[in-house]
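S.K.: The sequence shown maps to residues -18 to -1, 1 to 581 in mature numbering (1 follows the signal peptide of the UniProt record, and there is no 0).
Using N, Cα and C, we set each Cβ at its ideal position, and we do this for glycine too.
Before I ask anything, let me first share the structure, which is written out below as structure tokens.
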Amino acid sequence: MMNAVTLCLMLFIASGAGVDIAYRQTDDYQLIWSDKESKGDKDGSIWRVKNFQTGFCSLGDVAKGSHSRPNVKALLVTAKKAGALAHPASFTKIWTDKGSGADMSVSVWRMNPPRGYRCLGAAAMPNHHHHPDASKYCCVGHQYVTSAGVIDEYNDKGSDSDLDGAFWRVVRKGGDSSGIYGGNFLVTTNYHSSPTAAAYLLKASDLVKDVWSLPAVAVTPLNIYEQTKLDLIWSDRGSDADHDCTIWRANKRNGYYPVGDMVVRTHGRPRVGYLVQMSDPDSGDLKQPISYRQIWSDKGSGADMSVKVWRANCPSGYVALGDIATGGHYPKGGEMYCVRSKYAAYTAASNWQWVWNDKGSGSDTDVTFFEAITRGNRLLQSTRGMGSKVGHHGTPHYAPFILKKSDTTYYAEKPIREIKLRNMRYDLSKKKISGKAPQEIIPTVVNNMSSKEQKGGRTIEVQTSKTSSFEMSRSISFGLSMEVSGDVPIIGGGGFSVTTNFETSKSYTTGKSKTVTKTDSVTAEIVLPPYSRSTAYIVGNQYKADIPYIATVTKVYFDGTESTQEMSGVFKGVQIAEYEITFGEITKIPENERKPVFG
């Protein structure tokens, strides 16, 4: 039998139906406070998770009983259902380290939730007076949390702070396994008694899921990928600038492009940069600049590395999301790309956030660097574009362009080179099937030109087709190499019944078809009276099936690293097969059409 087999990995348009809260885990932290140089008996520090993904917020800051970076992953959450999350209604200051003698200052605040919500941790500020920014934090609807316990993480005993302080890490309680640990903490003003207020963790359920397991989103023109491999472009090390500064660029790979450099006020490597991918490689949504204009040179700064900062001149209809830096040379092709202007919003001068200036460096020309930020605008998605201005006062004379969230899909991971599906487990007890729906009609005429009753027939070529698809996570995009190790259902039937068998699959490409064609034939036969004819109708039946599955999915990233996780989805199969023959009315052949040959 001839088979036309088409297997493709599909991304279905969905918004996470049935999911109220989505979360992702990250270990990208910013130090808020350390008790270094205090006389405390224990070491302690507080860290804030860095969040650059529009629409996500933090459940609270993370405390650690040491000076090292936390080894736990914090949670960032986003509401898929209106009202599932709410920003804190207010903050209450609980403790400060005033008098401790530590190099850094801190105040720790309780987040006060609106009615019907629970706040899961505390927030900290690197000073003694300023309130935290409520827009950066979220409290959770009471139905999405589970009761938790606390354990001692740090106290300032032995320091000279005016007020005793103790930090308590929020952990799972008893035998409960549903709590999602995020490193949050509560604070008290004594060393011996745990918090009297109830502690909570986000509760894993069908309503609260990791972004890994969400259904796919609609395909957007641009995809933004977090990239951890960053190239150092410049460091002010060796200069006498008042503050440290470095400029970085995401490591370009084939099909993934940098759209500007990133500046930070530290000599440490940032945890995350960005690359942008065109969903359609032939769309031309990204283009290289026509030319560049030099903004600044560090000549005279005394830095160990030389640098020049440049502003791109983009083609008509395209804009730059930030400036770039080089080691003194004119920018080379491919060092940055401009974005089609309809996918970016021209914001305001207030969207520039000050990062660094070269005061004290001694460079011949003063400069100030900025970062493009969304300022909480949920319609925008920042790529941390760098802005630059000659001088130490004011902001750049232009506002930054920032990508529109509606035209981008954000992937909180590195670009994926290929995926591997194995351990395919199908739940046939939950399959939804429909069968024997006529889909294809091929008419053919059978004639009896004889004066005797005879059996006539007509043989025609037909083909059956199978189309299969897998609903997958939003983390999977089009155009990837996919290897399936396991069985793929074959949907067939007999009469009005539908059967499910399996065949072994191998290599495919996401979003593309794989077709194998063979020829088969069907013969229509009928006994006809003398000089008569009948039309035979050959009908192909269509069978459909939706079969839930669970698979082990391994993502192979473009730098060769891998990650593996269980993923669920739905296999969708459509097969046209089992051609049936029916005959129409038998009619006489007019005498002027009769021929002395049976056909």
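With 16 as the cutoff for other CB atoms within 10 Å, does Asn405 come out buried or exposed?
M.R.: exposed
S.K.: For Ser550, write down the residues that DSSP places opposite it in a beta bridge.
M.R.: Ile532
S.K.: Pull up the DSSP beta-bridge partners for Lys183, would you.
M.R.: Lys is not the amino acid found at residue 183; the sequence shown has Leu there. Its beta-bridge partners are Thr128.
S.K.: Quick check: what's the CA-CA separation for Thr347 versus Tyr380?
M.R.: Roughly 20 Å separates the two Cα atoms.
S.K.: Exposed or buried, what is Ser175 when buried is set at 16 or more other beta-carbons lying within 10 Å of its beta-carbon?
M.R.: exposed
S.K.: Just how far apart, CA to CA, sit Leu184 and Lys386?
M.R.: 30 Å
S.K.: Quick one: is Ala179 buried, meaning 16 or more other Cβ sit within 10 Å of its Cβ, or exposed?
M.R.: exposed
S.K.: Helix, strand or coil for Asp213, going by three-state DSSP, please let me know.
M.R.: strand
S.K.: Assuming Gly47 and Tyr136 make a contact with CB atoms under 8 Å, what is their CB distance in whole Å?
M.R.: 4 Å
S.K.: CB-CB under 6 Å to Thr248, same chain, minus the five flanking residues each way: which ones, in chain order?
M.R.: Asp226
S.K.: Give the list of continuous beta strand (DSSP E) stretches no shorter than 3 residues that lie fully inside the segment 137 to 169.
M.R.: 148 to 154
S.K.: Can you list, in chain order, the residues of its chain with a C-beta nearer than 6 Å to that of Gly476? Leave out the 5 residues immediately preceding and following it.
M.R.: In this prediction, Gly476 has a pLDDT of 41, which is less than 50 and means its spatial position is unreliable; nothing more can be read from the coordinates.
S.K.: Can you tell me where the beta strand (DSSP E) holding Asn233 begins and where it ends?
M.R.: Unbroken run through Asn233: none, as it is neither H nor E.
S.K.: Which stretch, first to last residue, makes up the beta strand (DSSP E) that contains Arg407?
M.R.: Ile398 to Tyr408
S.K.: Cutting at 6 Å between CB atoms, please list the residues of its own chain near Gly22, excluding the five before and the five after it.
M.R.: Closer than 6 Å at Cβ, skipping near neighbours: Asp138, Gly140 and Ser141.
S.K.: Return the first residue and the last residue of the beta strand (DSSP E) that Leu13 is part of.
M.R.: Tyr11 to Ser16
S.K.: Since Val44 and Asn205 should fall inside the 8 Å C-beta cutoff, what is the C-beta to C-beta distance between them, to a whole number of angstroms?
M.R.: That pair is no contact at about 29 Å.
S.K.: Rounded to a whole number of angstroms, what is the C-alpha to C-alpha distance between Met287 and Ser72?
M.R.: 46 Å
S.K.: When you compare only the Cα positions, how much space is there between Pro512 and Pro425?
M.R.: 22 Å
S.K.: Judging by CA-CA distance, which residue of Tyr238, Asp115 and Leu58 is the nearest neighbour of Arg162?
M.R.: According to the sequence shown, residue 162 is Ile rather than Arg. Taking only the C-alpha atoms, the option nearest Ile162 is Leu58.
S.K.: With Arg30 as the anchor, note down where its beta strand (DSSP E) starts and where it stops.
M.R.: Segment Ser27 to Val31, the beta strand (DSSP E) holding Arg30.
S.K.: Any beta carbon of chain D sitting closer than 8 Å to that of Trp150?
M.R.: Looking for chain D here will not work: only one protein chain is present.
S.K.: With 16 other CB atoms within 10 Å as the buried threshold, where does Lys437 fall?
M.R.: exposed
S.K.: For Val427, which residues from the same chain have a beta carbon less than 8 Å from its beta carbon, with the 5 sequence-adjacent residues on both sides left out?
M.R.: Arg440, Arg515, Ser516, Thr517 and Ala518
S.K.: For the beta strand (DSSP E) holding Tyr393, just list the boundary residues, first then last.
M.R.: Thr390 to Tyr393
S.K.: Who are the near neighbours of Gln335 in its chain, counting only those whose CB is closer than 7 Å to its CB and skipping five residues on each side?
M.R.: Phe352, Glu353 and Ile355
S.K.: Leaving aside the five residues before and after Gln363 along the sequence, list all residues of the same chain whose C-beta is less than 8 Å from its C-beta, in chain order.
M.R.: Gln35, Thr36, Ile206, Thr356, Ile384, Leu385, Lys386, Lys387, Thr390 and Tyr392.
S.K.: Can you grab the Cα-Cα spacing for the pair Val132 / Tyr173, in whole Å?
M.R.: Rounded to the nearest angstrom, the two C-alpha atoms are 14 Å apart.
S.K.: Hey, Gly316 and Gln270 are a contact pair by Cβ (cut 8 Å); roughly how many whole angstroms apart?
M.R.: Between Gly316 and Gln270 the beta-carbon gap is near 7 Å, inside 8 Å, which marks them as a contact.
S.K.: State the DSSP-derived secondary structure class of Asn574, mapped to helix, strand or coil.
M.R.: helix
S.K.: Quick check on DSSP: helix, strand or coil for Ser364?
M.R.: coil
S.K.: Considering only the alpha carbon of each residue, which of Asp267, Ser545, Thr74 and Gln7 lies closest to Asn53?
M.R.: Gln7
S.K.: Buried or exposed, going by whether 16 or more other CB atoms sit within 10 Å of the CB of Ser343?
M.R.: buried
S.K.: What are the start and end residues of the beta strand (DSSP E) that includes Gly255?
M.R.: First-last of the beta strand (DSSP E) with Gly255: Gly255 to Met260.
S.K.: Which full runs of the beta strand (DSSP E) of 3+ residues lie inside the segment 100 to 124, going along the chain?
M.R.: 104 to 107 and 121 to 123
S.K.: Let me check understanding here. Comparing Cα to Cα, which of Lys62, Thr74, Met86 and Tyr5 lies closest to Leu13?
M.R.: Met86
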